[in-house]
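Chains as they are written, first to last, in the numbering used here: chain G, 57 to 184; chain S, 110 to 763. Every residue gets a Cβ at the ideal spot worked out from N, C-alpha and C, and that includes glycine. Okay, structure first, notes after.
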Amino acid sequence: MLRVLIIDDSISILALLQDTIAKAGYEAHTAKNAKEINESLNGNDFDLVITDIYMPEQDGLETILNLRITKPDIPIVAMSSNTGYSDVLDVAKKLGARKCLRKPFTQEAILDSLLETIGPGAPSNSAN
Amino acid sequence: MSQTKPTDVFLLEAEDLLSVIEQGALDIAQDMTDSDCINRLFRAFHTIKGSGAMFGFDEVAAFTHNVETVLDEVRSGKISFTPTLIELILASKDHIKNILAEDADKKTGETLTSELALILGTTQTQPSPSQEAKETPAQKESGPKSYQIYFKPSPDIAAHGLEPASLLDELRDLGACRIAIDLDELPKLDELQAESCHLAWNIELETEQGIDAIKDVFIFVEDESTIRIVQSDTPQSSAANQNNDSAEAAPKQPAKASPKKSGVPQSNVRVPSEKLDRLVNLVGELVMNQSRLSQISTSIDSTELDTPVEEIERLVSELRDSVLGIRMMPIGSTFGRFRRLVFDLSSELGKEVELITEGEETELDKTVLDQLGDPLVHLIRNSLDHGIESPETRAAQGKSPRGTLRMSASHEGSQVVVKIEDDGQGMDPNKILEKAIEKGVVPPDANLSEREIFNLIFHAGFSTAQQVTNVSGRGVGMDVVKRQLESLRGSIQISSKQGAGTTVSLTLPLTLAIIDGQLVEIGGDRYIMPMSAITENVEITADERTTQNGRNLITVRGDLVPYIRLRELFEYTDAAPPIEKVVIVKHNGERIGFVVDRVLGSHQTVIQSLGKFYKEIRVVSGSTIMGDGKVALILDVAGLIADDANRFKLAATV
C-alpha cells in the first residue's frame, strides 16, 4: 500500500486528513512535531509527504528543504492557510513542493493531489 | 480504534489553543516585548484559523484572520503591544470561544473586527507614508541603520546543504558590512571535525533595509543557529537587548529553547475524562472482585490457588495505583485560569494586583480540581474586592501600591493544602462580631475567640446580608464555599490580621476515588467513616447513656461531647451491645461522637457512587463492596451532623 506521511501541528487536521487518506486506501501516518517528523522519516520510506508550513520547532519549509536534500524522490504536498504579507506556499513551490494546497481545502482536493502525485490508493475496505 | 470524530478533536484542540492564547496574552501583559510569546500567540490564532476553516467553522476562520493579521504585524515589529491590544486579544479569544459554543453575539464580533481594523489602520497610515518607515516603524528617522549581528550556525549546517559563506554574501548585498570571525569555539586540531562548522561571526551591518530583510537572510537556518540582531544606533533598545544577551549568552540556544516549551504537552495522549472515569470504575470493581477472590481462596485453602491469587492481588493493587495516578493533575492549570480573572478584576476595580502562584506542580485528583474552581473564584473575588485596597489607600498606609495575591499548593500528608493569601486590609473581628450579634447569629453575650469570630463568616445567616461586605470586607457566600469544600471532603480555615492581610487555607483530599476509612458495625451491617475526621474512639456503657437525662452527651476526659447514636438514626431495632463504641470526629473545630456497635479497624477502599437515585441522601457519600460481597455504606460526617441539626433544631455549633 502507498505510504503517506502527514505533518501538521494541528491534531485535528491530522485526524481529518488521516481519516480521509486512509479511507481512500493509502497507509496514512502522522507527525506533529520535529521529533516525530525525524522519527518517521528516519525509520521509514514514504511515497508521499504532506506538510503544513507554519509549524513550531521545525518549519514546514525546513522539512521540505531537508527532504529535497535527503530524499529527493519523495514528492511533497505543501499546505497552509494564507497569512499576512508573505506567501509561504510560493516559497514551498520554489523549494520543490509538487502540489500546494491552500487551507481550507476539500477532501476531494487532497485526494486529487494524491492521485496526481502517486496514483490511486488500494481498493477500499482497508480503510482502517 | 479512535472513536473520536475529527471535528471533536478540533473542538478539543481549539479549547487548548484558546487557553494558550489567554496565557500568552497575560504573559505579554508582563513583558510586551517577549517575542517567544508573541510567536506562540500568533501560532495559536493561525492554527485556529487554518483548522477552523478545514472543519467548516467559517465564522471562526474569518474572525480569527483579523486577529492573526494584527499579530503578524506585531511579530514583524510594525505594531507594538499595548494594554488595549491585550484586552482586545482576550476579548477576541472569548468571542472565538463563543462562536465555537454557538453562543456568539454578532455585534461583539463586528465591534472587535472594527477595533482590530482600527489598530491596523492607524499603524499603516500614522508613522509616515514613506516606504522605509513602513518597513521599520520602530525607528523615528529614515536613512541607513546599523545593526550588530551575531551568527553562530549549528555545527551540522553543511549537512543541511547550507553554506554560511553564502549567507554572509547575502548580508553584504544588504549594505556595508564588517564581518569578524569568532574562533572561540574552534577545537584543537586533533579534535576538529572537518565536516562540522565551529565558527561564529560578528557582523556590523549598515543598511537601508529593515530588520526583516536581515532576518530573511537567516530564514532557513534560524531554528538551528544562534542569531542575535541588535540595532546599534538606538541606545535604549540595544542596551536592553544586550542585557538579554548576557543573560542568555551561555550554551542555551535562544531560538531553540522556546518551541520545546510549547512542544511538551504534544507528547501526551488526550483522553476524554469520561473514559478515565469508566476506567476507574472498572478498576474499582476489579479491586472488589479480587478481594472476594482472595477471600474464597482463603476458605478453600489450596496452595495451588494461593500463588496466582496473591499475584493478582499485587497486580490489581498496582493497577489501581497507576489508574488513580492518571487522574492526578497538577494544580498549575487551575491556577493559570485565575490569572485572567485577576487581570480582569483588578483593572475593573482599579486596583493593582500581582498574582503569585506557588506549588503548581502539586497534584490533585481531576475531580477535586474541577470542583475547586468555583470556591477559588469566590475567594479570589473576595480578596480583590474587599481585601486588597486601592493603590491610593495602600500608599497612604505605607504599603506598596501594588497588592499581592498569593496562591499556593502543597502536600501535607495525604492531603493537599491550597492557600489564598492577600496583603490587603484584613478583617476586623469586632465588626464581624457586631454584625453577627445584630443578625442574631450569636447571642450578644457570646465570648468568642478570634478564630471563632472569623468562622462566623461561614454561617449561612451571616453571609446573606449584602451590606456585610462594606463592614467586614468579607462574607459574601462564604457558606457556599464552605459547603462546596465539604462536598469534596475538604475543609476551610481562615486567619487574618487587621491591616496586614487575610489567609484562607483549603485542605483537600488527594483523591475522591479512594477513601481511608474506619470500618464500623451497627446491627450487623458495616459502615465506613472517613479516617481524616476521626480523632479517637471511646467506649460508652448503657449506664453512661442514661445518666445524662436523655441528653446525648458523653464525658471525654472531663469535656462534654455531644453524640449521635447511629443505631437510633438508622432505626435498628435489635438489641445494642452492653458497651458501645463512640467514634469521635472533629468537625469545624468541634468534637462530635458517633455511637456504633463495634469498631472493626481501618479500611482503605475505592468509593462507588450511589447513583443519581440516591443523590438526595446526604448522610451517605458512597458505598463500597466488601471482600465477602456485602455492601458497606460510607458515612458522610458533615451530612450526618447537618441532618441531626435539622432534626432537632440544634443551633449549629459554628
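For residue i, which three-state DSSP category applies?
{"i": "residue 321 of chain S", "result": "helix"}
{"i": "residue 274 of chain S", "result": "helix"}
{"i": "residue 712 of chain S", "result": "strand"}
{"i": "residue 531 of chain S", "result": "strand"}
{"i": "residue 568 of chain S", "result": "coil"}
{"i": "residue 440 of chain S", "result": "coil"}
{"i": "residue 75 of chain G", "result": "helix"}
{"i": "residue 306 of chain S", "result": "coil"}
{"i": "residue 260 of chain S", "result": "strand"}
{"i": "residue 702 of chain S", "result": "strand"}
{"i": "residue 551 of chain S", "result": "coil"}
{"i": "residue 114 of chain G", "result": "coil"}
{"i": "residue 654 of chain S", "result": "helix"}
{"i": "residue 640 of chain S", "result": "helix"}
{"i": "residue 279 of chain S", "result": "helix"}
{"i": "residue 351 of chain S", "result": "Only weak support exists for where residue 351 of chain S lies, its pLDDT of 41 falling under 50; the value from the coordinates is given anyway. If DSSP states are grouped into helix, strand and coil, residue 351 of chain S belongs with the helices."}
{"i": "residue 556 of chain S", "result": "coil"}
{"i": "residue 153 of chain G", "result": "coil"}
{"i": "residue 181 of chain S", "result": "helix"}
Taking Cβ-Cβ distances shorter than 9 angstroms, what residues in chain S pair up with residue i?
{"i": "residue 84 of chain G", "result": "Going along chain S, no residue has its Cβ under 9 angstroms from residue 84 of chain G, so there is no contact; the nearest lies around 12 angstroms."}
{"i": "residue 121 of chain G", "result": "269, 270, 271, 329"}
Given that a residue counts as buried once 16 or more other Cβ atoms are within 10 Å of its Cβ, and exposed if not, what is residue i?
{"i": "residue 507 of chain S", "result": "exposed"}
{"i": "residue 332 of chain S", "result": "buried"}
{"i": "residue 573 of chain S", "result": "In this predicted model, residue 573 of chain S has a pLDDT of only 42, less than 50, meaning its place in the structure is not dependable; the value taken from the coordinates is given anyway. Exposed."}
{"i": "residue 88 of chain G", "result": "buried"}
{"i": "residue 148 of chain G", "result": "buried"}
{"i": "residue 459 of chain S", "result": "exposed"}
{"i": "residue 102 of chain G", "result": "buried"}
{"i": "residue 134 of chain G", "result": "buried"}
{"i": "residue 100 of chain G", "result": "exposed"}
{"i": "residue 639 of chain S", "result": "buried"}
{"i": "residue 160 of chain S", "result": "buried"}
{"i": "residue 215 of chain S", "result": "exposed"}
{"i": "residue 739 of chain S", "result": "exposed"}
Closer than 8 angstroms by beta-carbon distance: list the chain G residues that pair up with residue i, in chain order.
{"i": "residue 735 of chain S", "result": "Residues of chain G passing the Cβ test: none, with the nearest at roughly 44 angstroms."}
Taking residue i as the query, report the chain G residues whose CB atoms sit under 9 angstroms from its CB, ordered along the chain.
{"i": "residue 164 of chain S", "result": "68, 69, 72, 160"}
Residues of chain S with CB under 7 angstroms from residue i, in chain order?
{"i": "residue 118 of chain G", "result": "329, 332"}
{"i": "residue 96 of chain G", "result": "Residues of chain S passing the Cβ test: none, with the nearest at roughly 14 angstroms."}
{"i": "residue 65 of chain G", "result": "156"}
{"i": "residue 75 of chain G", "result": "115"}
{"i": "residue 129 of chain G", "result": "The premise fails here: residue 129 of chain G is roughly 16 angstroms from chain S at the closest Cβ pair, so nothing lies under 7 angstroms."}
Strictly below 8 angstroms CB to CB, what residues from chain S border residue i?
{"i": "residue 125 of chain G", "result": "269, 270"}
{"i": "residue 188 of chain G", "result": "Nothing in the structure corresponds to residue 188 of chain G, since chain G is present only between 57 and 184."}
#### Entry: the segment 137-159 of chain S: positions lying closer than 7 angstroms to chain G by Cβ
152, 155, 156, 158, 159
Short-range partners of chain G found in the segment 265-277 of chain S, where Cβ spacing is below 8 angstroms = 269, 270
(message) Does the structure place the segment 404-416 of chain S close enough to the segment 497-505 of chain S that three or more beta carbon pairs sit under 8 angstroms?
(response) no
Cβ-based contacts, 8 angstroms cut-off: residues of the segment 157-168 of chain G near chain S:
159, 160, 161
On the three-pair Cβ rule with 8 angstroms, is the segment 103-114 of chain G touching the segment 119-138 of chain S?
no
ask   = Looking at chain G, which residues of the segment 111-130 of chain S have a Cβ within less than 7 angstroms of any of its Cβ atoms?
value = 115, 118, 119, 122
Does the segment 632-652 of chain S come into contact with the segment 696-707 of chain S, if we say contact requires no fewer than three beta-carbon pairs (one atom in each stretch) closer than 8 angstroms?
yes
Review point. Is it a yes or a no for the segment 536-552 of chain S touching the segment 588-595 of chain S, going by three-plus beta-carbon pairs under 8 angstroms?
Key: no
Original post:
Three or more C-beta pairs closer than 8 angstroms, one from the segment 184-198 of chain S and one from the segment 132-147 of chain S: is that the case here?
Top reply: yes
Is it the case that the segment 605-618 of chain S contacts the segment 722-742 of chain S, given that we only count it when at least three CB pairs across the two stretches are under 8 angstroms?
no
Counting Cβ pairs, one atom from each stretch, are 3 or more of them under 8 angstroms apart for the segment 154-163 of chain G and the segment 161-176 of chain S?
yes
Are at least three pairs of beta-carbons, each pair with one atom in the segment 258-265 of chain S and one in the segment 324-339 of chain S, less than 8 angstroms apart? yes
Counting Cβ pairs, one atom from each stretch, are 3 or more of them under 8 angstroms apart for the segment 276-290 of chain S and the segment 304-321 of chain S? yes
Cβ pair count under 8 angstroms reaching 3, the segment 681-699 of chain S against the segment 709-726 of chain S:
no
Would you call the segment 516-536 of chain S and the segment 619-633 of chain S in contact, with 3 or more CB pairs under 8 angstroms?
-> yes
| query | Given 8 angstroms as the limit, is there contact between the segment 595-605 of chain S and the segment 668-682 of chain S, that is, 3 or more CB pairs closer than that? | reply | no
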